[in-house]
Structures are given as C-alpha cells and as structure tokens.
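To start, the structure under review is shown below, and the notes come after it.
Right, dumping it as structure tokens:
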C-alpha cells in the first residue's frame with residue numbers, strides 16, 4: 058500500500074472518532090472507564106539519578122528487543138496495539154533475545170468491549186492482561202474485515218498459551234518519571250493528540266505547527282534522546298507511514314507525557330520452545346529448564362508462530378517442519394543438524410517458516426536430496442520461507458526450492474555441496490549476501506525460476522557460478538555479486554529478459570556465455586579480462602544450428618565494485 062493511501066485510510070478511521078470530541082484545545086481523553094488511575098501500591102519511578110542522555114529498547118546493549126511495526130487497519134485499535142507492543146518487548150527481554158514474539162492483538166481487542174468508531178479503554182486492556190492474559194497471534198490472527206467478531210473466535214486452547222502482566226499503573230505527567238519507568242520496566246504506552254500535520258509526517262523530529270486536532274491516539278514510547286530532546290515512538294500504522302512506521306517527537310508535544318502507562322512484569326506461556334541434547338531432569342516439557350531432547354520433538358509440540366530454540370550440540374536428525382515456526386540455533390558453528398547421509402536434512406512443507414543459525418550437513422547423496430528442501434503443496438504458490446545465517450555444507454544440494462515461491466535466502470555460507478542452490482518452478486525469491494563456494498557443480502541453478510540475486514560472493518564452483526535455464530526469465534542479478542574463479546561466471550540457456558548489472562566477473566575460465574537466450578541486458582559490470590575503453594562483448598549462439606551471436610555490456614565498469 059502506498060504512503061498516500063495509508064494516510065487516507067488512517068485519516069478516515071479517525072474522522073469518526075473526532076466527531077465525538079470537540080476539536081482544538083478543548084480535546085480531552087477519557088482513558089479509563091472506571092476512573093481508577095493507579096495500582097494499589099504505586100511504585101516510585103521519579104528518581105532522576107543515573108539516567109543516561111539516551112536510551113532505546115531498539116538498542117539496549119546493542120540488541121533490538123522491539124517487535125516489528127504492524128498495522129491496526131481496519132480497526133481503531135491503537136490502545137491494543139500500543140499495549141501489546143510493550144508486552145512483546147518485555148517478553149523478548151525476559152527471554153534474553155529477540156525471538157520474534159507475536160501476540161494476538163485481536164484476542165485482546167475483542168475481549169475488551171471495543172467500539173468500531175473510537176477504540177477501547179486502556180484500563181480494560183490492562184486489567185484483562187493482568188487477569189486473563191492473551192495468546193500468540195496464531196491463536197487469533199488479526200482480521201482484515203472491519204466488523205465485530207465474537208470473543209469465542211479465538212482458539213479453544215488459548216488459556217494454556219496466554220501471556221499475562223503482573224501489574225500496571227498510570228505515570229505522572231513528568232518526563233523523568235517516564236524515562237525511569239522506560240528503563241526500569243519496559244516500553245510505555247501513551248496517548249497523544251493527533252493534529253492534521255501529524256498525518257503527513259515522514260521523518261525527523263515532529264513538532265505540531267499547523268492543522269486542527271483530529272483525535273487522541275495511543276502509541277508506544279520505546280526510547281528517548283536528550284540531545285536535542287525527543288521521544289522515540291512506535292506507531293501502529295504500518296511501515297509506509299513515517300520513518301518505516303516509527304517517529305520521533307519533541308518532549309512536551311501533543312500532550313504525549315500526560316496519559317502514560319507502565320507495566321511491571323510479564324509471565325506465562327511465552328511462544329518459545331527449547332531443545333537441548335544434553336541430559337537434563339525429566340520431565341522434558343520444552344521449557345528452558347526441561348528442554349526437549351530432539352529438534353523434531355520441539356517442532357511437534359510447537360504451535361504456529363512459535364520459536365523453537367535449539368541449544369548447541371550435534372543433532373543427528375532428518376527434520377520435517379510442517380508448521381509456521383521459527384527454528385533458531387544458538388550458534389551456527391556449534392548447533393549442527395546432521396542428516397547422516399540419509400534423506401533431506403530439513404524438509405519444509407509449511408509457509409512462513411524461518412530457519413537460522415545452524416550448520417546443516419550430510420544429506421543423502423541421491424538425486425534431488427538436499428540440506429534444506431522448501432516444498433509447496435501447490436505449484437508456484439507463495440511459501441515465504443526465510444533461510445538466514447546458516448552454514449549449509451556437504452549435501453547433495455545445499456538448498457532446493459521446489460515450486461514454493463517468495464522465499465528469502467540471506468547471509469548463509471553454502472559450500473562443498475554438489476549443487477549450491479537449485480530452484481525448480483520457484484519465482485519471486487530473494488537471494489542476498491550469501492557466500493556460495495566450492496560446490497562441485499553450480500553455485501546457483503535455476504530451472505523455470507525467477508529471483509532477485511544481490512550482493513553474493515559466488516566463487517570456486519566447479520561449473521557455473523549461476524546457471525539459468527529452461528525459461529528462467531526476468532531474473533535480476535545486480536549490485537556487487539562477485540563471480541570469481543568459477544568455470545563459467547554466468548550461463549544463460551533458453552532464458553530471456555534477465556538483467557545483469559553492477560557485478561564483478563573476476564578470473565572465471567569463461568566469464569559469461571548464453572545459448573538461445575534473448576533480450577538479456579548487461580549493464581556496468583566489471584570484467585577482469587576487459588580493461589579497454591570500449592563495450593564488452595558476451596559471446597553465445599542461437600538456434601539449433603548454433604549460429605554465433607553476441608550480447609553487449611555497453612558501459613563496463615573500469616573498477617571492481
């Protein structure tokens with residue numbers, strides 16, 4: 058959705074709520090249905106001692122504990138999103154690392170008597186979190202249809218999957234109190250008054266300068282900077298608004314410090330399961346204290362949306378991932394999944410899977426077996442699998458994308474396989490920042506596939522760095538891919554309309570060739586064998602009679618990228 062459309066949709070959502078408020082300086086916020094604005098035993102958070110000039114939950118000791126920007130559209134559910142954003146960050150900090158916590162805003166919203174026109178009371182949200190808690194997102198995914206859903210829409214087992222808060226309270230209208238609570242407990246849900254100029258904010262430090270008030274809106278303060286003096290704030294309008302969904306606002310603007318909430322602690326069933334092959338006391342239930350012994354056992358006991366965290370060790374398994382989970386190793390060099398030369402090491406059949414921080418090795422050497430297979434149930438449907446920061450080695454194929462589309466392969470080391478990456482009927486993939494080296498055949502081979510290939514090091518492969526064949530059309534190969542010491546840098550075979558630009562071709566036996574391939578564009582590549590101030594010729598042939606033909610890189614780079 059384009060930025061202008063997002064602003065129009067959001068503005069429309071707030072027009073209804075503005076009808077029930079008086080515009081301008083008389084705008085008021087009723088933040089509680091009960092008018093009880095504090096916990097039974099308020100906690101002193103006003104001490105200014107030791108406060109740094111800068112703090113952010115996006116950069117706490119170098120770690121970003123905040124969950125991604127989301128969109129509250131189509132509901133006026135800003136209170137719910139602001140509060141859940143704070144809880145998710147606190148859960149991730151308590152676990153110790155950002156594992157992708159995603160809790161159900163829909164569950165909280167529809168259990169707190171909301172209004173489609175103006176939202177919900179934050180104290181109802183907070184008390185529900187304290188008394189009942191909310192489950193993970195997969196239990197009740199956020200709907201895209203603007204209608205009221207009954208509370209029993211949620212999954213039947215939600216109570217066994219619920220995260221709760223220990224307590225909560227309202228903060229005084231005092232920046233020092235807010236900073237102290239922010240550092241001591243976690244992000245701060247807070248209201249501000251929306252003015253028309255806020256709707257078109259794009260970047261920088263926001264200060265209200267023009268336009269009438271529209272409505273109150275709840276957001277989440279995650280940090281501050283005293284130089285020059287602003288809050289760092291998470292919004293719930295998607296990534297097309299503001300600074301990728303974020304904004305900075307000057308201290309004191311739009312009454313942002315007047316209606317703030319803090320949460321003391323979180324507990325319950327966090328959406329994470331642990332695995333460790335070390336001996337521990339029974340019963341093994343997937344908790345950090347009693348982790349499951351095998352990866353497959355962890356996956357089998359996970360729900361969609363969960364993270365399965367695997368501690369260091371060598372796991373001799375052939376893993377099947379049939380749920381939308383995140384599978385994460387403790388350390389990619391010491392968390393090893395070893396297929397013992399039998400079948401595929403990791404077989405992914407579900408959508409929305411993420412696998413990271415493993416060494417994945419020793420698949421069967423049979424044809425089409427692989428370290429990781431992404432297999433779609435339906436031809437060329439989106440799988441949206443992410444494979445990131447792994448070492449994938451000593452397999453028949455490192456990664457095999459079979460009909461599943463829209464996958465991301467990023468920052469992996471893919472080495473010493475027969476094939477590095479093989480794509481069959483798989484399109485809209487992103488292959489970025491990988492080291493693909495020392496494979497016995499091709500680094501990347503695509504059969505009837507399409508990908509954007511950016512910034513990879515593809516070297517020392519025995520055949521081609523990249524081999525596009527059998528109608529692998531419209532690939533984009535650009536921006537500092539380095540093809541070095543391969544037999545052939547790039548080979549195009551019956552593949553058309555591909556863009557190859559801003560890459561390095563260095564010391565390959567044959568830098569690039571093509572067979573029966575047309576309308577391919579070569580732009581501004583560096584060729585180590587071409588120091589001349591004239592276009593670089595790429596030789597090939599066409600038709601079944603092998604008629605010699607040429608492509609031309611008209612403006613080759615004189616220096617490597």
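In our numbering, the protein residues as written are 58 to 618.
Glycine residues also receive a C-beta, built at the ideal position from the N, C-alpha and C atoms.
Continuous alpha helix (DSSP H) stretch holding residue i: start and end
i, result
"residue 254", "253 to 256"
"residue 145", "135 to 152"
"residue 197", "From DSSP, residue 197 is part of no alpha helix (DSSP H); its letter is neither H nor E."
"residue 167", "162 to 167"
Sequence-distant residues of the same chain with beta carbon closer than 7 Å to residue i, five excluded per side
i, result
"residue 296", "126, 302"
"residue 603", "none"
"residue 531", "507, 554, 555"
"residue 379", "406, 407"
"residue 369", "387, 388, 391, 392"
"residue 151", "323"
Same chain, Cβ closer than 8 Å to residue i, five either side skipped, listed in chain order
i, result
"residue 381", "195, 361, 362, 407, 408, 409, 410"
"residue 540", "515, 516, 522, 523, 546, 547, 560, 561, 562, 563, 565, 568"
"residue 395", "371, 372, 373, 374, 402, 418, 419"
"residue 286", "307, 308"
"residue 337", "346, 347, 348"
"residue 353", "374, 376, 377"
"residue 261", "305"
"residue 95", "Reliability fails at residue 95, whose pLDDT of 48 lies under 50, so the model's placement of it is uncertain and the value that follows must be treated cautiously. Cβ within range, chain order: 226, 227."
"residue 54", "The structure shown does not extend to residue 54, since the chain is modelled only from 58 through 618, so no value can be given for it."
"residue 577", "549, 552, 553, 554, 555, 556, 557, 571, 608"
Where residue i sits in the DSSP three-state scheme
i, result
"residue 178", "coil"
"residue 608", "strand"
"residue 307", "strand"
"residue 552", "coil"
"residue 426", "coil"
"residue 79", "Low confidence applies here, because residue 79 scores a pLDDT of 29, under 50, leaving its location unreliable; read the following figure in that light. Coil at residue 79, not helix or strand."
"residue 115", "coil"
"residue 576", "coil"
"residue 355", "helix"
"residue 216", "helix"
"residue 540", "strand"
"residue 236", "helix"
"residue 187", "helix"
"residue 618", "coil"
"residue 210", "helix"
"residue 344", "coil"
"residue 364", "strand"
"residue 312", "helix"
"residue 241", "helix"
"residue 481", "strand"
Reference residue i; option with closest CA among the options
i, options, result
"residue 358", "328, 337, 372, 386", "328"
"residue 137", "277, 467, 289", "277"
"residue 289", "434, 475, 109, 305", "305"
"residue 164", "151, 146, 149, 141", "141"
"residue 513", "248, 492, 254", "492"
"residue 122", "213, 200, 279, 224", "279"
"residue 159", "152, 592, 192", "192"
"residue 129", "580, 151, 294", "294"
"residue 557", "605, 518, 612, 527", "612"
"residue 242", "248, 258, 253, 224", "224"
"residue 691", "366, 267, 573", "Here the chain comprises residues numbered 58 to 618, so residue 691 is not present and cannot be evaluated."
"residue 459", "429, 451, 470", "429"
"residue 461", "583, 505, 618", "505"
"residue 274", "448, 175, 439", "175"
"residue 579", "601, 535, 585, 588", "535"
CB-CB length for residue i against residue j, believed under 8 Å
i, j, result
"residue 520", "residue 551", "Their Cβ separation, rounded to whole angstroms, is 17 Å, which puts residue 520 and residue 551 out of contact at 8 Å."
"residue 220", "residue 326", "7 Å"
"residue 594", "residue 609", "6 Å"
"residue 509", "residue 484", "Rounded, the Cβ-Cβ distance is 10 Å, inconsistent with contact."
"residue 284", "residue 110", "6 Å"
"residue 453", "residue 486", "The Cβ separation is near 20 Å, so there is no contact."
N- and C-terminal bounds of the beta strand (DSSP E) containing residue i
i, result
"residue 171", "Taken as a continuous stretch (DSSP letters only), residue 171 belongs to no beta strand (DSSP E), as it is neither H nor E."
"residue 402", "Counting along the chain, residue 402 falls outside any beta strand (DSSP E), and DSSP gives it neither H nor E."
"residue 595", "593 to 599"
"residue 486", "486 to 489"
"residue 282", "270 to 282"
"residue 566", "Where residue 566 is concerned, there is no enclosing beta strand (DSSP E), given that its DSSP letter is neither H nor E."
"residue 291", "287 to 291"
Same chain, Cβ closer than 6 Å to residue i, neighbours up to 5 away in sequence not counted
i, result
"residue 169", "177, 181, 182, 185"
"residue 412", "384, 444"
"residue 222", "186, 187, 320, 323"
"residue 441", "408, 409, 463"
"residue 482", "437, 460, 505"
"residue 240", "112"
"residue 433", "440, 460, 461"
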